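Structure record follows, encoded as structure tokens.
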Amino acid sequence: MQRNRESSDDEGEYKVYSRRYFLLCLYSCFTFLIGFQQLEYTSITNVVTKYYNVDSVAVNWTNILQNLCTALFSFFIGKLTEKYGFRKSMITFTFLGIIGAVIKCFAIDRSLFWLLMVGQFFPCIFFTPTFSLSSLLGALWFKPKEIALVIGMGNAAITFGMAVTFLLPSLVFKSDSINEIKYNLAYVSVILMLLEATIFLLTLIFVTEKPPTPPSLAEETRTNIEIPKIINLMRNKNFLLPIMCFAFGCASVQLISITLNQSILSRFSNGNTVLSVSGVLLMITAIPGSLLIGTVSKAYPRYKLLLIIVCFISVTFQVLFLLSLWIKCDWLLYVSIFLFGVFVNASQVLALDFVLEVSFPFPENLSFAISFTAFSLPNLILVPLATILCKKVGAVNANFVFLALGIMTLVSALLAKEDLRRRKANAEMTPLLAS
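Per our numbering, residue 2 is the first one in the sequence shown, and the count goes up by one each step.
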């Protein structure tokens, strides 16, 4: 098949296919469901603790389980994804998503919180591998300058799914009646199962592994390039610093997402309303933040400078978030949490694309697995710690852990150096070897 000339000089004559946008939309729908399930129960912590008669720490484990699964399984699953490819991985992940949703449908009885955790295990174990498929999809189907946009779409879909969970307290779980709670839990679980089944069928029918021709020189010549050993990558500070930046940024978002219920209900008299508004504002910001930085980095690929700017701005709004809790000012809470979300999501997308640049030609999904493991490990300690601190010392003081993570994100960005290997490989025929 003849290749069509692209406008970019460094990409030469390579064809990309419009089918890639359909695959991206289908993938984004699946990641939306994965994101929804991450905060499905922590966003209604007070409801779940009452219905299942469990502690708030136990409810938080419905989300922290994702960190544990990422730390234990993500690299192994990433190796399997590398072996079996995009299509088989998507089919497997979506099928197991159905199984998890079905199990939750049978965990409605008040004594079956343990079965609920079993069902929650499925979206948690495939959270990171599913998100890492965005880099594989981007490398196989999209031009190199579009990969940040693909990652941004995946990130936006996941966090939009998380945002929807914060509508549950005000739109679905409005009654304290045990019977109403039971009905609503069953209703949400059945809807989730039907959506998972739909995505699985569409994946089975329409998803293909790769296009007829590669989208870029870097992808075409990948097989002729020596793959860096993981031990060499782990010794490269240019690889580690963007990972640290990503890890601290993600950890801060997860920390505030899980503890938001406790923080707001302990400080505001109209807590349910403030919680719904602030939770949705925090999560929907992934859409403008992720997509905007993808567009900006495509036109202005100065990764370090952009990363420093967005990290500094996000830390500023973290400070304002703490101030809003201290003075109990809802409008300042809304503004600070919205703008923090915009810039911290931008920093995550930029840091991940930075990781892929400096680690090329190392497999993208494995770079993702390493990055997500780096953020999952500390949060196994930090999230329970913040939950306990909220009870012991109050929401304002507990959220200084959240601010500390933001500061470490900025420091990592300041220390990072640009080494854009993927772009270099795309601009020249010479094999790019790991140093």
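C-beta: ideal position from N, C-alpha, C; glycine also.
Note that the structure is a prediction, hence the values are computed from the model and not measured.
Problem set entry | From S264, I200 and N54, residue whose alpha carbon lies closest to that of L23 | One point to set straight first is that residue 23 is Phe, not Leu, in the sequence displayed. Among S264, I200 and N54, the Cα nearest to that of F23 is on I200.
Exercise. For the candidate residues F123, L81 and G290, whose alpha-carbon lies nearest to that of G101?
Worked result: F123
Problem set entry | Own chain, CB closer than 6 Å to M1, minus 5 neighbours either side, in chain order | The question about residue 1 has no answer, for the chain in this structure spans 2 to 436.
Exercise. Cβ atoms of T82 and P145: under 8 Å apart, would you say?
Worked result: Not in contact: P145 and T82 (Cβ atoms no closer than 8 Å).
Exercise. At what residues does the alpha helix (DSSP H) containing N380 begin and finish?
Worked result: E365 to K393
Exercise. Anyone know if the C-beta pair for T32 and I179 falls short of 8 Å?
Worked result: no
Exercise. Hey, which unbroken runs of the alpha helix (DSSP H) at 4 residues or more fall wholly within the stretch 278–361?
Worked result: Whole alpha helix (DSSP H) segments, 4+ residues: 287–300, 304–328 and 331–360.
For this session: List the endpoints of the continuous alpha helix (DSSP H) containing A158.
Result: I148 to T166
Exercise. Is it a yes or a no for the stretch 346–362 touching the stretch 238–253, going by three-plus beta-carbon pairs under 8 Å?
Worked result: yes
For this session: Classify S436 as helix, strand or coil using the three-state DSSP reduction.
Result: Residue confidence is low: S436 scores 39 on pLDDT, short of 50, so the model does not pin down where it sits. No coordinate-derived value is stated.
Problem set entry | Among I78, T388 and N262, nearest to V275 - alpha-carbon criterion | When each option's Cα is compared against that of V275, the closest is N262.
Exercise. Taking all protein chains shown into account, do 16 or more other C-beta atoms lie within 10 angstroms of the C-beta of L141, making it buried, or fewer, making it exposed?
Worked result: buried
Exercise. For the putative contact between I99 and E197, defined by C-beta atoms under 8 Å, what is the C-beta separation to the nearest angstrom?
Worked result: 5 Å
Problem set entry | Cβ-Cβ separation, S264 to C391 (assumed contact under 8 Å), whole Å | Right, their Cβ atoms sit about 6 Å apart.
Problem set entry | Residue span of the alpha helix (DSSP H) that contains Y22, given as start and end | R20 to Q39
For this session: Output the distance between the C-alpha atoms of V397 and F174, rounded to the nearest integer angstrom.
Result: 27 Å
Exercise. Hey, quick one: how far does the alpha helix (DSSP H) through N61 stretch, first residue to last?
Worked result: For N61, the uninterrupted alpha helix (DSSP H) segment begins and ends at S57 to C106.
Problem set entry | Residue nearest to Y335 in terms of C-alpha spacing, selected from L381, S277, M194 and C312 | S277
Exercise. According to DSSP, is D414 helix, strand or coil?
Worked result: Here residue 414 turns out to be Ala, not Asp, going by the sequence shown. Note: A414 maps to helix in three-state DSSP.
Exercise. Which whole-angstrom value is the C-beta distance of I35 and F128, which I expect to be below 8 Å?
Worked result: 6 Å
Exercise. Between the C-alpha atoms of L195 and V103, what's the straight-line distance to the nearest angstrom?
Worked result: Distance between the alpha carbons of L195 and V103: 9 Å.
Exercise. Mind checking M2: buried by the 16 CB within 10 Å criterion, or exposed?
Worked result: Residue confidence is low: M2 scores 38 on pLDDT, short of 50, so the model does not pin down where it sits. No coordinate-derived value is stated.
Exercise. The alpha helix (DSSP H) with T43 in it runs from where to where?
Worked result: First-last for T43: undefined, no H or E at that position.
For this session: Whole angstroms is fine: what's the gap from Q319's alpha carbon to A347's?
Result: One C-alpha to the other measures close to 15 Å.
Exercise. Closest to N233 by CA distance: which of I338, S360, S298 and L266 is it?
Worked result: S360
Exercise. Going by other Cβ atoms of all chains shown within 10 Å of its Cβ, with 16 needed for buried, is I148 buried or exposed?
Worked result: Around the beta carbon of I148, 16 or more other beta carbons sit within 10 angstroms, so the residue counts as buried.
Problem set entry | Cβ pair Y304, E419 closer than 8 Å | Yes, these two residues count as a Cβ contact at 8 Å.
Problem set entry | Buried versus exposed call for I259 [16 or more other C-beta atoms within 10 Å across all chains shown] | buried
For this session: Give the DSSP-derived three-state secondary structure of S264 in the structure shown.
Result: helix
For this session: Identify the continuous alpha helix (DSSP H) that holds L113 and give its terminal residues.
Result: Where L113 is concerned, there is no enclosing alpha helix (DSSP H), given that its DSSP letter is neither H nor E.
Problem set entry | Collapsed DSSP secondary structure at E210 in the structure displayed | coil
Problem set entry | Element boundaries [alpha helix (DSSP H), containing N233] | I231 to M235
Problem set entry | Check whether L25 and F87 have beta carbons under 8 Å apart | Cβ distance not < 8 Å, so L25 and F87 don't count as in contact.
Problem set entry | DSSP-derived helix/strand/coil call for K16 | coil
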